[in-house]
Amino acid sequence: MAKLAKLDDIVSLCKRRGFIFQSSEIYGGLASCYDYGPLGVELKRNVREAWWKDVVRMRDDVVGLDCSILMHPLVWKSSGHADKFADLVTVCKKCNTRTRVDHLEDHADEHTEHVPVETALVDAADLDKKVCPNCKTVGKFSEPMAFKLMFETQMGANADDTMTLFLRPETAQGIFANFRNVMDSTRVKIPFGIAQIGKSFRNEVTTKAFIFRTREFEQAELEFFCKPGTDEEWYEHWKQRRFQWYIDHGIKAENLRFRDHDPDELAHYAKACVDVEYKFPFGSGDWQELEGIANRTDFDLRQHQRGMRTINDWHEAGGDLQKITLKDEDPEYFKGPLSYFDEQAKERYIPYVIEPSAGIDRSTLAFLVDAYDEEEVDGKTRNVLRFHPTIAPVKAAVFPLVKKHGMPEFATKIANDLKSSFSCFYDQKGAIGRRYRRQDEAGTPYCITVDGDSMEDNTVTLRERDSMEQTRVSADQLKSLLIEKLGL
RNA sequence: GCGGGUGUAGCUCAGCGGUAGAGCGUCACGUUGCCAACGUGAAUGUCGUGAGUUCGAAUCUCAUCACCCGCUCCA
200 MAKLAKLDDI VSLCKRRGFI FQSSEIYGGL ASCYDYGPLG VELKRNVREA
250 WWKDVVRMRD DVVGLDCSIL MHPLVWKSSG HADKFADLVT VCKKCNTRTR
300 VDHLEDHADE HTEHVPVETA LVDAADLDKK VCPNCKTVGK FSEPMAFKLM
350 FETQMGANAD DTMTLFLRPE TAQGIFANFR NVMDSTRVKI PFGIAQIGKS
400 FRNEVTTKAF IFRTREFEQA ELEFFCKPGT DEEWYEHWKQ RRFQWYIDHG
450 IKAENLRFRD HDPDELAHYA KACVDVEYKF PFGSGDWQEL EGIANRTDFD
500 LRQHQRGMRT INDWHEAGGD LQKITLKDED PEYFKGPLSY FDEQAKERYI
550 PYVIEPSAGI DRSTLAFLVD AYDEEEVDGK TRNVLRFHPT IAPVKAAVFP
600 LVKKHGMPEF ATKIANDLKS SFSCFYDQKG AIGRRYRRQD EAGTPYCITV
650 DGDSMEDNTV TLRERDSMEQ TRVSADQLKS LLIEKLGL
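Count along the first sequence from 1, then add 199; that gives the number in the numbering used here.
The following block contains the structure:
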C-alpha cells in the first residue's frame, strides 16, 4: 500500500484524470489560480453538498444563505478588514528575512493582531531602532512595503463615477449583515445558525502548495448564534461535529487532528479557536489547517452596530473609508438593532457566535490525497481512489462485456435508468479489465457488467472497487441495491 | 519578496549546438470475451514565453511567466 509521497504526483494525477487544471494554462498559467475539470467539479460539488447536508439540511437549527460577493464598503470598515487587513512588511538587509513591521521586536506582544495602517506607518518611521528577530541585526531594514490583503474592484460603468469595492475576504460578514433579515423572515430562535458556501478572495503574501492556499478560494462557513454563557458548550459541540464530518466522509483518523490556538495566538475578538488539521504530504509532511472553529463572542454584531451608526459620516466623507472612524458604541449597545430578544427570559442581548469555517478546496484536496492508494495486483500496480461513496465523482459505471449480441443496448438501458438517481458512466470501448481500472483511478465505487447471460436470466455482474469482488445480481434489483450500498 | 530546483507529446521522462524521441496513455480496425490482453495502423509538440549569441538554438546567454522545495508570511 503505497501512498503519494510528493505533491507533484498529486498534481500529475489531478491533471491526467481531469480533476484539477492550472488556470489559463494555454497562456502560461496564472499564479495561484486553478480550475476543476470534469471529475474535479463533481468531487467538489459532492464535498460542498455533504457539508450542506450535515450543517444545514439535517438540522432544524441552521438555515442557509447565499450573499453577494460585493458588499457595502462599510461592511469591511466594521469588520476591521478595511484598515487592519493591510500589513507593512520589511526585509532585513542583513539576513534577507521578511518580517511584518509590527512583529519587530519591542512590538511583539500582540503579534496576531493586525495594526491599523496609520499606526504601522508611524512605527515604520523609526525602523533604525528595531531588531531583526532572525539575525538580531539592528536597523538594517528595507523601505516597508504595504500589502493590500483585499482585492479591489470598481462598480459603475461610467469611468468618472465609480465606487471602489472589495471582493469579500470571507463569507462570514455577509451572514452578520443579514442577521436581522433572517431573524425577521424565518422565525428562528436562538440558538440557531446561518450557513453559507461561497468564494472569497485574499491577496495572500505567498500562495502555497497547489490548491491549498490560493487567492481565490471557496469557504463553507457557519455562524452559530447562541446566548452568552452557552457559547462554550456550543463551541465544543461544533468542534466535535466538524471533526466527525471528515471522518464520516472517509478521511483516515490518523491523518486528522485538532490544534488549539494558544491564547496569545488568538485574534483579539476570539475567546477560543481550534484548527482541524490534516497531514498533507507536502511541506515537510506537515499538518495543515482544513478548518478553523472559533468562538467570536459578540464582536462582529457589535461592530456592525457601530458601522450602522457611521453611515452618515461615510456619506459626508464622500465614501472615503480612510477619512472616517467607526462611531463608538451606544452605552446600551445590547439593545441595539442587531440584538436578540429572548421571549422566555424576557431579556435582550447580543448573541455570541461560534464559527466553524472550512475551506472547500482544502478539504477537496484532502479527500483526494487521503483516498489515493496503489496496490500490487498480479505484479502490476493498481491505482485506486478509495473515495467514500458520498463524495465519489461517479457512483457507478455500466459496461457491456463486448459491444455486440445486444449487450450495449441492455447496458445502455441500465445506465440510463441509474442516471436518474445518481452520477453514472457508460463505457463500451476496449478491454473489460482496462475499463475497470480506469474507473478505479476515478474512484468509482461500483462497476456493472452486462454479459451473454444477462439477456437470458436478467442478471448482471456487480464489481466492487475496493475488493474487486464480483457478485451476480438481478438487474431489477440493481438500482435499489446500489442506492442502499452507496448510502444515498 | 529571498535562496535553491524544474518547465520537451495528455502523463513520466530522454535528448544538451546540426532533421524532435521513447514508454505509458488516447483513437481506429480486427481478434478476444471479467481485471491496465493481443495484432495492425493512426493522431498529437509555439521543446513555458520573449529577446540575444551563432551559418544554425530544445541545447549557450539574458529577461520574463508558471510550478515545486526551503525561508518569510498566514483570522
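Every residue, glycine too, gets a C-beta built ideally from N, C-alpha and C.
None of these values were measured; they are calculated from a predicted model.
Rounded C-alpha distance that separates residue i from residue j
| i | j | result |
| --- | --- | --- |
| D308 | P555 | Reliability of the predicted coordinates at D308 is poor, the pLDDT of 38 falling under 50, and the value obtained from them is presented with this limitation in mind. Roughly 27 angstroms between the two C-alpha positions. |
| D447 | K388 | 29 angstroms |
| L422 | H604 | What sits at residue 422 in the sequence shown is Glu, not Leu. So the two alpha carbons sit approximately 58 angstroms from each other. |
| R501 | I553 | 15 angstroms |
| P588 | D430 | 35 angstroms |
| M382 | R547 | 14 angstroms |
| F391 | D260 | 5 angstroms |
| F586 | T563 | 11 angstroms |
| L584 | S277 | 45 angstroms |
| D560 | G632 | 33 angstroms |
| D365 | L687 | The question names Asp, but residue 365 is Phe in the sequence shown. Whole-angstrom Cα-Cα distance: 40 angstroms. |
| Q669 | R662 | 4 angstroms |
| S211 | A565 | 16 angstroms |
| D282 | L465 | 19 angstroms |
| K243 | D626 | 23 angstroms |
| M270 | G373 | 8 angstroms |
| L677 | T413 | 42 angstroms |
| F284 | I647 | Because F284 carries a pLDDT of 49, less than 50, the predicted location of this residue cannot be relied on, and the following value inherits that uncertainty. Roughly 54 angstroms between the two C-alpha positions. |
Nearest neighbour of residue i, chosen from the options [CA to CA]
| i | options | result |
| --- | --- | --- |
| R401 | S222, A595, S620, S231 | S231 |
| E574 | T406, I393, S666 | S666 |
| V274 | Q669, D499, V601 | D499 |
| A591 | N245, E224, G227, V210 | N245 |
| G279 | R256, D360, R367 | R367 |
| P533 | G449, K470, Q504, H436 | One detail in the question is off: residue 533 reads as Phe in this sequence, not Pro. The shortest Cα separation from F533 among G449, K470, Q504, H436 belongs to Q504. |
| F479 | V649, K451, M349 | K451 |
| R671 | S619, S679, N657, I682 | N657 |
| P237 | Y445, Q221, M362, R216 | R216 |
| I209 | G239, Y226, G228 | G239 |
| M349 | S384, S399, D359 | S399 |
| K628 | G651, D616, S620, A596 | A596 |
| D527 | L520, Y635, T509, G518 | T509 |
| L685 | E640, R664, P607 | R664 |
| E683 | K594, L455, G578 | K594 |
| L162 | M507, E542, P536, G535 | Because the chain in this structure spans residues 200 to 687, residue 162 falls outside the shown range and cannot be described. |
| E417 | E224, Y233, K579, H514 | Y233 |
| F378 | H460, Y551, K407 | Y551 |
| G397 | A614, R247, D207 | R247 |
| Y645 | T361, S653, C623 | C623 |
Other residues of its chain near residue i: CB distance less than 8 angstroms, five sequence neighbours each side excluded
| i | result |
| --- | --- |
| K522 | A516 |
| G263 | W251, V255, I393, A394, Q395 |
| R249 | First, the amino acid is wrong: residue 249 is Ala here, not Arg. So the list reads W444, H448, T589, I590, once near-sequence residues are dropped. |
| E435 | none |
| L680 | L661, V672 |
| D675 | N657 |
| K602 | Q627, K628 |
Other residues of its chain near residue i: CB distance less than 6 angstroms, five sequence neighbours each side excluded
| i | result |
| --- | --- |
| A557 | A419, E490 |
| E312 | Per-residue confidence for E312 stands at a pLDDT of 43, beneath the threshold of 50, marking its modelled position as unreliable; the derived number appears in the next sentence. So the qualifying residues of the chain are H467. |
| E369 | S399 |
| W486 | E476, K478 |
First and last residue of the uninterrupted alpha helix (DSSP H) at residue i
| i | result |
| --- | --- |
| V381 | 378 to 385 |
| R247 | 237 to 251 |
| S211 | 206 to 216 |
| S278 | 272 to 278 |
| T563 | 559 to 570 |
Start-to-end residues for the beta strand (DSSP E) that takes in residue i
| i | result |
| --- | --- |
| C623 | 623 to 625 |
| Q353 | 351 to 354 |
| K612 | It is not in any beta strand (DSSP E) - K612 instead sits in the alpha helix (DSSP H) that spans 606 to 618. |
| Y434 | Looking at the DSSP string, Y434 is not in any beta strand (DSSP E); the run it does join, the alpha helix (DSSP H), is 430 to 447. |
| R634 | From DSSP, R634 is part of no beta strand (DSSP E) but of the alpha helix (DSSP H) over 631 to 641. |
| D519 | It is not in any beta strand (DSSP E) - D519 carries neither H nor E in the DSSP assignment. |
| S231 | It is not in any beta strand (DSSP E) - S231 carries neither H nor E in the DSSP assignment. |
| Q395 | 391 to 400 |
| M667 | Where M667 is concerned, there is no enclosing beta strand (DSSP E), given that its DSSP letter is neither H nor E. |
| L362 | Leu is not the amino acid found at residue 362; the sequence shown has Met there. Taken as a continuous stretch (DSSP letters only), the beta strand (DSSP E) holding M362 covers 362 to 365. |
Strand pairing of residue i, partner residues [DSSP]
| i | result |
| --- | --- |
| C472 | A493 |
| S188 | Residue numbering for the chain in the displayed model covers 200 to 687; residue 188 lies beyond these limits and cannot be assessed. |
| T648 | F598, T660 |
| I553 | F423, N494 |
| R502 | The question names Arg, yet the displayed sequence has Gln at residue 502. BP columns for Q502 are empty, so no partner. |
| N582 | E573 |
Cut-off 7 angstroms between Cβ atoms - residues of its own chain near residue i, not counting five sequence neighbours on either side
| i | result |
| --- | --- |
| E488 | D474, E476 |
| W433 | P390, F423, C425, I553 |
| F481 | L206, A408 |
Any non-hydrogen atom of the ligand GTP within 8 angstroms of residue i CB
| i | result |
| --- | --- |
| Y551 | For the structure depicted, the ligand GTP is absent and the ligand set is empty, with no information on it obtainable. |
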